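See structure below.
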Amino acid sequence: AQSVTQLDSHVSVSEGTPVLLRCNYSSSYSPSLFWYVQHPNKGLQLLLKYTSAATLVKGINGFEAEFKKSETSFHLTKPSAHMSDAAEYFCVVSDKGGSYIPTFGRGTSLIVHP
Amino acid sequence: DAGITQSPRHKVTETGTPVTLRCHQTENHRYMYWYRQDPGHGLRLIHYSYGVKDTDKGEVSDGYSVSRSKTEDFLLTLESATSSQTSVYFCAIRGQGEGSGYTFGSGTRLTVV
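Residue numbers (the working numbering), protein chains in the order written: chain Y, 1 to 114; chain F, 115 to 227.
Below, the structure written as structure tokens:
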């Protein structure tokens, strides 16, 4: 069965420093992978998705992620954090074996200090 | 979010009462999902639908039922609400084609007292 593990429940960075949110996945098929962001008391917004095309995926607001099959990873990065990036981030996997039902990680809370 | 709305946005109900949450889409998408969000658990699947009258259970389906009589509406019913069902509920739709993303509604915050 497909699954996803977000390796950090909280990540704390200073404004202007790089962001790294880690995600490992498990899938017996060619997975689709997504990162979603949720600001406090808001819904979920798609940041970026990987669907078997280019392994380096660029998303909105300067975020990008790299699909590494050998490491079963899909880490989210951003070169320079902004205060507005403070939010909850979810890594999501779906594949044919799971009937394309999205399976969520438990989330990583990104804290940005001034 | 464009194309998908949830109602109500907030609800407080008493233990033991039935509650129905509605998800409405204007995209004519086949797949619809209900999730609940709780701190430390991410989003967990309650039920999903792959067409009119076609539904199946997710990992946390106990105490919940769903119905889909029209493509555009997916209803989630708590048959007899309990305090453990206090949560934020999200509906989602899946776009057409393999690798399509998922669009989420704005959520319903349900409190069972």
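Note that CB positions come from ideal geometry on N, CA and C, so glycine has one too.
From a predicted model like this one, the values you see are computed outputs, not experimental measurements.
Inset, instruction - Output yes if chain Y places a C-beta closer than 8 Å to the C-beta of L159(F); else output no. - result: yes
Legend entry - Per DSSP, the bridge partner or partners of A206(F): Y147(F) and F218(F)
Inset, instruction - May I ask you to list, following chain order, the residues of the region 96-108 of chain Y that have a beta carbon less than 7 Å from some beta carbon of chain F? - result: Y100, I101, P102, F104, G105, R106 and G107
Inset, instruction - Using a threshold of 8 Å, state whether the C-beta atoms of S220(F) and Q120(F) are closer than that. - result: yes
Legend entry - Contacting positions in the region 32-55 of chain Y - beta carbon closer than 9 Å to chain F: S32, F34, Y36, Q38, N41, K42, G43, L44, Q45, L46, K49, Y50, T51, S52 and A53
Inset, instruction - For G156(F), count neighbouring Cβ atoms within 10 angstroms of its own Cβ and tell me buried if that reaches 16, exposed if not. - result: buried
Inset, instruction - Thinking S12(Y) and I111(Y) are a contact (beta carbons under 8 Å), I'd like their distance in whole angstroms, please. - result: 4 Å
Legend entry - Contact list for F90(Y) against chain F, beta-carbon separation under 8 Å: G156 and L157
Inset, instruction - Grab me the residues of I101(Y)'s own chain with a C-beta within less than 8 Å of its C-beta, minus the 5 sequence neighbours each way, in chain order. - result: S94
Inset, instruction - Specify the secondary structure class of S96(Y) as computed by DSSP and reduced to three states. - result: Residue identity check: residue 96(Y) is Lys in the sequence provided, not Ser. Three-state result, K96(Y): helix.
Inset, instruction - Say whether the region 129-141 of chain F touches the region 185-193 of chain F, bearing in mind that this needs 3 or more beta-carbon pairs closer than 8 Å, one atom from each stretch. - result: yes
Inset, instruction - Determine the direct distance from the alpha carbon of G62(Y) to that of T131(F), and round the result to whole angstroms. - result: 46 Å
Inset, instruction - Spell out whether any CB of chain Y is found under 8 Å from the CB atom of C163(F). - result: Cys is not the amino acid found at residue 163(F); the sequence shown has Ser there. Chain Y, which has no Cβ nearer than 8 Å to the Cβ of S163(F), makes this no.
Inset, instruction - Reducing DSSP to helix, strand and coil, say where I118(F) ends up. - result: strand
Legend entry - Reference L135(F), options T169(F), Y178(F), G165(F) and K167(F), closest by Cα: Y178(F)
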